[in-house]
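Peer 1: In this note's numbering, the protein residues as written are 34 to 338.
All residues carry an ideal CB built from backbone N, CA and C; glycine is no exception.
Only a predicted model underlies this, so the values are computations on that prediction, with no experimental measurement involved.
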Ligand SMILES: N[C@](CCCC[B-](O)(O)O)(CCN1CCCCC1)C(=O)O
Ligand SMILES: [Mn+2]
Ligand SMILES: [Mn+2]
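1. Strictly by DSSP, which residues pair up with residue 192?
2. Which complete alpha helix (DSSP H) runs does the stretch 108 to 166 hold, if anything under 4 residues is left out?
3. Using the rule of at least 16 other Cβ atoms within 10 Å of the residue's Cβ for burial, across every protein chain shown, is residue 50 buried or exposed?
4. Cβ of residue 206 within 9 Å of Cβ of residue 227?
5. Here's the rule: buried if 16 or more other CB atoms are within 10 angstroms of the residue's CB, otherwise exposed. What is residue 331?
6. On the CB-based measure, 16 or more other CB atoms within 10 Å of its CB, does residue 196 come out buried or exposed?
7. Cα separation between residue 73 and residue 296?
8. By the DSSP assignment, the beta strand (DSSP E) with residue 75 in it spans what residues?
9. Ligand 1 and residue 285: does the residue's C-beta get closer than 8 Å to at least one heavy atom of that ligand?
10. Hey, is residue 156 close to ligand 1, as in C-beta under 8 Å from one of its heavy atoms?
11. How many Å lie between residue 308 and residue 143 at the Cα?
12. Please name the residue, chosen from 291, 285 and 214, that lies closest to residue 241 on a Cα-to-Cα basis.
13. Closer than 8 Å is the cut-off here; do at least three beta carbon pairs connect the stretch 54 to 61 with the stretch 298 to 314?
14. Would you say residue 43 and residue 81 are within 9 Å of each other, going by their C-beta atoms?
15. Should residue 260 be counted as a contact of ligand 3 given a C-beta to heavy atom distance under 8 Å?
16. Just to check my reading of the structure: residue 199 and residue 256 have Cβ atoms closer than 8 Å, yes? What is that Cβ distance to the nearest angstrom?
17. Considering only C-alpha positions, which residue in the set 37, 39 and 65 is nearest to residue 326?
18. Relative to the C-alpha of residue 248, which candidate in 182, 159, 148 and 231 has its C-alpha closest?
19. Use the C-beta contact count for residue 88: other C-beta atoms within 10 angstroms, 16 or more gives buried, fewer gives exposed.
20. Whether or not the stretch 259 to 271 and the stretch 313 to 323 are in contact is what I'm after, with contact meaning three or more pairs of Cβ atoms, one per stretch, closer than 8 Å; do they touch?
21. Contact check, residue 37 vs residue 123 under 8 Å by CB: the rounded distance?
22. Go ahead and pull the three-state DSSP assignment for residue 321.
23. Return the residue from the list 209, 171, 117 and 322 that minimises the CA-CA distance to residue 154.
24. Which one or two residues does DSSP pair with residue 255 in a beta bridge?
25. Tell me which same chain residues have a C-beta within less than 6 Å of the C-beta of residue 83, skipping the five on either side of it?
26. Taking the alpha-carbon of residue 170 as reference, which of 96, 179 and 230 has the nearest alpha-carbon?
27. Where do the N-terminal and C-terminal ends of the beta strand (DSSP E) with residue 41 fall, by residue?
28. Where do the ends of the alpha helix (DSSP H) carrying residue 92 lie?
29. For residue 264, which residues in the same chain have their Cβ closer than 6 Å to its Cβ, ignoring the five residues on either side in sequence?
30. With distances taken between CB atoms, is the gap from residue 39 to residue 125 smaller than 9 Å?
31. For residue 70 and residue 336, what's the separation of their Cα atoms in angstroms?
Shown next as structure tokens:
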């Protein structure tokens, strides 16, 4: 595997300080060395530099729109470059608003994408449905063709063109979905495997049925957007919006092992690691090590040795 790593130290899609430190704590947990140790060729493109935006007043309830729009343009260009260079892209967040740029940049190289969104949350609020105005709860609404009429014009967002179809999206791990998001998921017929399905079917069946769904016609490259809060807070405590009843470590890893063996993983986001949300120092290292293990699973590490 040839891997291109991008650090995206960005936090303005949500209000909690610290998630901008995610890329560096994940690197400090040995990501590059461990990938190389399992035979990957790794190019670390370093951390993107995000410029400030003054007077970034809310638009309606939406907070920090200008700096989020600007940051995602940078991410989109960087992901496109990594893909053009021929690597599987790994974007280290930073908050989940960065998925707008990551998926947009990926789709610029691979127009026919399927998106696997692993998350406690659906992150599909529009600017008008969001209960908080935090853009990390909205990224999917800017990317899905069927929602484009629901998105108001916002400064620094005009470059964004919807690039994925609802039928090519699948969710795993949902357990904290806002009412409006639930309506959108149902209305668009988006395939979801909430924690209820994970419990009822077991993770192996979830992965089988998920692949049947996204590969129902042709096989498309996969964009895996992995929010560490999909995992149970006991497994990934250093994150901004923890929700109890999440994926076990084993389930979280199984998802990456399964997707790796499809051979279709083309870009991966690992987001929402926030060291400042940890109660104790060891929780930071624990969460960072789990994040590293998720990436290793995407690139061929299997637990049998
Ligand atoms: N859906 C929420 C949470 C988004 C989490 C973003 B992620 O997945 O990247 O971490 C709001 C959640 N909800 C608001 C009302 C009270 C309960 C929580 C939102 O702010 O839109
Ligand atoms: Mn998320
Ligand atoms: Mn989440």
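Peer 2: Well, looking at it:
1. To locate residue 192, count along the chain shown from 1; it is residue 159. DSSP output for residue 192 lists no bridge partner at all.
2. 132 to 142
3. Locating residue 50 in the chain shown gives position 17, where the first residue counts as 1. Classification of residue 50: exposed, given that the 10 Å Cβ count is below 16.
4. Looking up residue 206 in the chain shown gives position 173. Looking up residue 227 in the chain shown gives position 194. Yes, the Cβ-Cβ distance between residue 206 and residue 227 is below 9 Å.
5. For the purposes of this step, residue 331 is taken as the residue at position 298 of the chain shown. It counts as buried.
6. By one-based count along the chain shown, residue 196 stands at place 163. Buried, since its Cβ has 16 or more Cβ neighbours within 10 Å.
7. Counting from 1 along the chain shown, the entry for residue 73 is found at position 40. Counting from 1 along the chain shown, the entry for residue 296 is found at position 263. Roughly 14 Å between the two C-alpha positions.
8. For the purposes of this step, residue 75 is identified with residue 42 of the chain shown, where counting begins at 1. Note, residue 75: beta strand (DSSP E), 74 to 80.
9. Position 252 of the chain shown, counted from the start, is the residue given in the question as residue 285. The answer is no for residue 285.
10. Here residue 156 is taken as the residue at index 123 of the chain shown, counted from 1. Within the cutoff, so yes.
11. As a working note, residue 308 is residue 275 in the chain shown. As a working note, residue 143 is residue 110 in the chain shown. For residue 308 and residue 143, the distance between alpha carbons rounds to 33 Å.
12. Numbered from 1 along the chain shown, position 208 holds the residue referred to as residue 241. When only C-alpha atoms are compared, the closest one is 291.
13. yes
14. Start at 1 with the first residue of the chain shown, and residue 43 comes out as number 10. Start at 1 with the first residue of the chain shown, and residue 81 comes out as number 48. Yes.
15. Along the chain shown, one-based indexing puts residue 260 at 227. Yes; taking the cut-off as 8 Å, the Cβ of residue 260 has a heavy atom of ligand 3 nearer than that.
16. Working through the chain shown from its first residue, we reach residue 199 at position 166. Working through the chain shown from its first residue, we reach residue 256 at position 223. No, residue 199 and residue 256 are not in contact; Cβ-Cβ is about 15 Å, not under 8 Å.
17. Start at 1 with the first residue of the chain shown, and residue 326 comes out as number 293. Each of 37, 39 and 65 was checked against the Cα of residue 326, and the nearest Cα belongs to 65.
18. Along the chain shown, one-based indexing puts residue 248 at 215. Measuring from the Cα of residue 248, the nearest candidate turns out to be 148.
19. Along the chain shown, one-based indexing puts residue 88 at 55. Under the 10 Å beta carbon count, residue 88 is surrounded by fewer than 16 other beta carbons and is classified as exposed.
20. Contact between the stretch 313 to 323 and the stretch 259 to 271 is present, because at least three Cβ pairs lie under 8 Å.
21. Your numbering for residue 37 matches position 4 in the chain shown. Your numbering for residue 123 matches position 90 in the chain shown. At roughly 7 Å, the Cβ-Cβ gap stays under 8 Å, so residue 37 and residue 123 are in contact.
22. Taking the first residue of the chain shown as 1, we reach residue 321 at position 288. It is helical.
23. To locate residue 154, count along the chain shown from 1; it is residue 121. The shortest Cα separation from residue 154 among 209, 171, 117 and 322 belongs to 209.
24. Translated into the one-based positions of the chain shown, residue 255 becomes position 222. According to DSSP, which records beta bridges pairwise, residue 255 is partnered with 147 and 298.
25. To locate residue 83, count along the chain shown from 1; it is residue 50. Correct list, in chain order: 43 and 104.
26. What you label residue 170 is simply residue 137 of the chain shown in a count that begins at 1. Ranking the options by Cα distance to residue 170, first place goes to 96.
27. Stepping through the chain shown from its first residue, residue 41 is reached at position 8. Per DSSP, residue 41 belongs to the beta strand (DSSP E) from 35 to 41.
28. On the chain shown, residue 92 is found 59 positions in, with the first residue counted as 1. No alpha helix (DSSP H) contains residue 92, which DSSP labels as neither H nor E.
29. Walking along the chain shown from the start, residue 264 turns up at place 231. So the list reads 279, 280 and 285, once near-sequence residues are dropped.
30. By 1-based counting over the chain shown, the position of residue 39 is 6. By 1-based counting over the chain shown, the position of residue 125 is 92. Yes, the pair counts as a contact, with Cβ atoms nearer than the cut-off.
31. Sequence index remark: in the chain shown, residue 70 carries index 37 (1-based). Sequence index remark: in the chain shown, residue 336 carries index 303 (1-based). Each residue's Cα considered, the two are about 15 Å apart.
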